[in-house]
Amino acid sequence: METSSNKTEFDYLFKLLMIGDSGVGKSSLLLSFTSDSFEDLSPTIGVDFKVKYVNIGGKKLKLAIWDTAGQERFRTLTSSYYRGAQGIIMVYDVTRRDTFTALAEIWAKEIELYSTNQDCIKMLVGNKVDKESDRVVTKKEGINFARECGCLFIECSAKTRVNVQQCFEELVLKILDTPSLLAEGSRGVRKNIFKESVPQSDASTSSCC
Ligand SMILES: Nc1nc2c(ncn2[C@@H]2O[C@H](COP(=O)(O)OP(=O)(O)OP(=O)(O)O)[C@@H](O)[C@H]2O)c(=O)[nH]1
Ligand SMILES: [Mg+2]
1 METSSNKTEF
11 DYLFKLLMIG
21 DSGVGKSSLL
31 LSFTSDSFED
41 LSPTIGVDFK
51 VKYVNIGGKK
61 LKLAIWDTAG
71 QERFRTLTSS
81 YYRGAQGIIM
91 VYDVTRRDTF
101 TALAEIWAKE
111 IELYSTNQDC
121 IKMLVGNKVD
131 KESDRVVTKK
141 EGINFARECG
151 CLFIECSAKT
161 RVNVQQCFEE
171 LVLKILDTPS
181 LLAEGSRGVR
191 KNIFKESVPQ
201 SDASTSSCC
């Protein structure tokens with residue numbers, strides 16, 4: 001995957017959404033992906049947003065990535081951001097079992113309720129694999145749950161950046177491979193018919209709550 005330099009033209013705009021319990025590392029994964037950096041972040045308030053231009057699978061893509069707050073008090077607000085997403089990244093922390101059980105109890109149900117794209121691609125992400133000695137959720141458990149939900153699966157670390165690029169790349173390749181998510185008239189938006197409504201910088205951010 002290359003970071004694209006020409007930001008005015010792109011073949012597709014993809015809306016991606018990050019969900020999962022508070023503290024699992026959603027914002028850290030996004031920062032790691034967009035800025036190749038890691039820092040101790042505060043919990044997200046409401047929803048955050050970043051844009052990244054990339055070349056994947058021979059296509060120029062604009063990724064608009066919505067990073068939701070995991071805290072329950074924001075749940076009503078964040079539910080509206082599922083609409084039109086082509087990809088949803090469900091994150092848990094491999095060192096906290098409660099974040100893994102919440103996937104079935106909360107997050108998979110939220111997708112059922114609020115996602116509007118029937119063919120939306122889901123990616124299950126086990127984060128913080130750098131803390132291997134604290135791990136309580138095995139890779140096998142992650143694989144099994146992903147299979148049950150029909151999700152892609154990857155384990156990664158926002159801290160060491162292991163598998164972070166691969167996570168987004170695999171998700172995007174699967175979206176590119178799904179005609180209903182690309183077809184005009186669907187939520188896949190082709191270049192020139194998308195009216196710009198988001199910031200232009202490479203990894204711009206804004207909050208709204
Ligand atoms: N060791 C380690 N710590 C991580 C990793 N990813 C995130 N963290 C830490 O986990 C804490 C929570 O990270 P965030 O990215 O803010 O979590 P979040 O999922 O965005 O949380 P909310 O915004 O509240 O939903 C922070 O202290 C991060 O530094 C990782 O891969 N490894
Ligand atoms: Mg966050």
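For the record, in the sequence shown the residue sitting at position 131 is 131 according to my numbering, with numbers rising by one throughout. Where is the CB? At the ideal position from N, CA and C, for every residue including glycine.
Which listed residue (the options) has its alpha carbon closest to that of residue i
i    : options                  : result
S28  : K59, I65, K15 and Y53    : I65
K26  : A158, R75, L182 and L181 : A158
S115 : M90, D93 and S79         : S79
L77  : I88, V54, D48 and V137   : D48
E170 : Y82, C149 and L16        : L16
L124 : L13, I19, Y12 and E132   : I19
I143 : Q165, F168, V94 and K109 : V94
I45  : A108, T34 and A69        : A69
Residue i, buried or exposed, once every other Cβ within 10 Å from all chains shown has been counted against 16
i    : result
S180 : exposed
D67  : buried
K122 : buried
Three-state secondary structure (DSSP) of residue i
i    : result
N117 : coil
K128 : coil
L13  : strand
N163 : coil
F33  : helix
For residue i, the residue or residues it bridges with in DSSP
i    : result
D67  : M18 and D48
F100 : In DSSP, F100 forms no bridge with anything.
Span separating the alpha-carbon of residue i from that of residue j
i    : j    : result
S42  : G84  : 27 angstroms
D177 : G87  : 12 angstroms
D130 : F153 : 17 angstroms
E112 : F145 : 16 angstroms
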